[in-house]
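Colleague: The structure follows.
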Amino acid sequence: MIQLLISVAAAADLGVAVGAHTTTNDPFVQQRVLSAGLLVDPWAWGEVGVTAAAGWPFAVGRTELGKSLTSQLGLEPDVSYVTARTQLDARVFPFHAEVGATRARVGAGVGVAAVHTRDATLSDTPYPDAKQWHPATAAGLVGEVRGAHAGVRLRMEQTWSTESVAGVLMRREWLWAGVELVVFPGGEP
Numbered sequence: 017m018i019q020l021l022i023s024v025a026a027a028a029d030l031g032v033a034v035g036a037h038t039t040t041n042d043p044f045v046q047q048r049v050l051s052a053g054l055l056v057d058p059w060a061w062g063e064v065g066v067t068a069a070a071g072w073p074f075a076v077g078r079t080e081l082g083k084s085l086t087s088q089l090g091l092e093p094d095v096s097y098v099t100a101r102t103q104l105d106a107r108v109f110p111f112h113a114e115v116g117a118t119r120a121r122v123g124a125g126v127g128v129a130a131v132h133t134r135d136a137t138l139s140d141t142p143y144p145d146a147k148q149w150h151p152a153t154a155a156g157l158v159g160e161v162r163g164a165h166a167g168v169r170l171r172m173e174q175t176w177s178t179e180s181v182a183g184v185l186m187r188r189e190w191l192w193a194g195v196e197l198v199v200f201p202g203g204e205p
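See below:
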């Protein structure tokens, strides 16, 4: 078994991905994270990857709805800020084409994740159990164009988790849109 893993790793195209992602489905805040990941890409039709992402307080912006709720109506919606996210996933690319050293692929991925959140009201009043790690599930779509050593990848994925906020279980869903630079030092697309 170990020999099989070593031979697959030797034959696989190992790569690195760095990118930026933002939430698209939160009506109150828009969150931004930076990500870095490692990829094992042994086939034109599939890959396995590990990604870590981190966000900072300055990477959060209130939406127009969030601003008007607090300023005009004095309402304080509950917000779950993502401060870190790790993910292990597999991606399958049923649609792929190669022309020379250029490859274009479109596919889907699914994986397991861990999400670290900080819960507060929109005016940033924290809850007593404000910071937590949660097991999560992730799934989404991915498209990329790359040459022999580098390329660009677009990702749209959703992460689901359940968290306890002030003793109440709440289901959280984040829809992430992102762009990544992928680098494969070994060569072959």
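Heads up, the working numbering is the position in the sequence shown plus 16, with the first residue counted as 1. Backbone N, C-alpha and C define an ideal beta-carbon position, used for all residues, glycine too. Note that the structure is predicted; figures quoted are calculated from it, not measured.
Excluding the 5 residues flanking ARG121 on each side, which residues of the same chain have their C-beta closer than 6 Å to its C-beta?
Modeller: Counting from 1 along the sequence shown, the entry for residue 121 is found at position 105. Answer for ARG121: PHE109, HIS112, GLU160, listed in chain order.
Colleague: Alpha carbon to alpha carbon, how far is SER99 from ALA70?
Modeller: Taking the first residue of the sequence shown as position 1, residue 99 is located at position 83. Taking the first residue of the sequence shown as position 1, residue 70 is located at position 54. Before going further, note that residue 99 is Thr rather than Ser in the sequence given. Rounded to whole angstroms, THR99 to ALA70 spans 6 Å at the Cα level.
Colleague: Report yes or no: do three or more beta-carbon pairs, one from the region 31-38 and one from the region 191-200, lie closer than 8 Å?
Modeller: yes
Colleague: Which word fits ALA26, buried or exposed, when buried means at least 16 other C-beta atoms lie within 10 angstroms of its C-beta?
Modeller: Along the sequence shown, read from residue 1 onward, the residue named residue 26 stands at position 10. For ALA26, the pLDDT reaches just 48, beneath the cut-off of 50, and the residue's location in the model is therefore unreliable, although a value from the coordinates is still provided. ALA26 is exposed by the Cβ-count criterion.
Colleague: Exposed or buried, which one is TRP61 when buried takes at least 16 other CB atoms within 10 Å?
Modeller: Here residue 61 is taken as the residue at index 45 of the sequence shown, counted from 1. The residue is exposed, with fewer than 16 neighbouring Cβ atoms inside 10 Å.
Colleague: Quick check on DSSP: helix, strand or coil for LEU81?
Modeller: Indexing the sequence shown from 1 puts residue 81 at position 65. Correct three-state label for LEU81: helix.
Colleague: Kindly indicate which residue of PRO151, GLN148, THR175, ALA146 has the alpha-carbon position closest to the one of LEU157.
Modeller: One-based indexing of the sequence shown puts residue 157 at position 141. Among PRO151, GLN148, THR175, ALA146, the Cα nearest to that of LEU157 is on THR175.
Colleague: Can you give me the C-alpha to C-alpha distance between LEU30 and PRO58, rounded to a whole angstrom?
Modeller: Taking the sequence shown and counting its residues from 1, one reaches residue 30 at position 14. Taking the sequence shown and counting its residues from 1, one reaches residue 58 at position 42. Rounded to the nearest angstrom, the two C-alpha atoms are 8 Å apart.
Colleague: Between SER177 and VAL131, which are expected to be in contact by the criterion C-beta below 8 Å, what is the C-beta distance as a whole number of angstroms?
Modeller: The count along the sequence shown starts at 1 and reaches residue 177 at position 161. The count along the sequence shown starts at 1 and reaches residue 131 at position 115. Sure, about 5 Å apart at Cβ, within 8 Å.
Colleague: Please name the residue, chosen from THR67, GLY163, VAL95, that lies closest to SER51 on a Cα-to-Cα basis.
Modeller: The residue you call residue 51 lines up with position 35 of the sequence shown. Here the closest residue by C-alpha is THR67.
Colleague: Smallest Cα separation from GLN47: which of TRP149, SER96, ALA106?
Modeller: On the sequence shown, position 31 is the one that residue 47 refers to. Selected option, being the one with the closest Cα: SER96.
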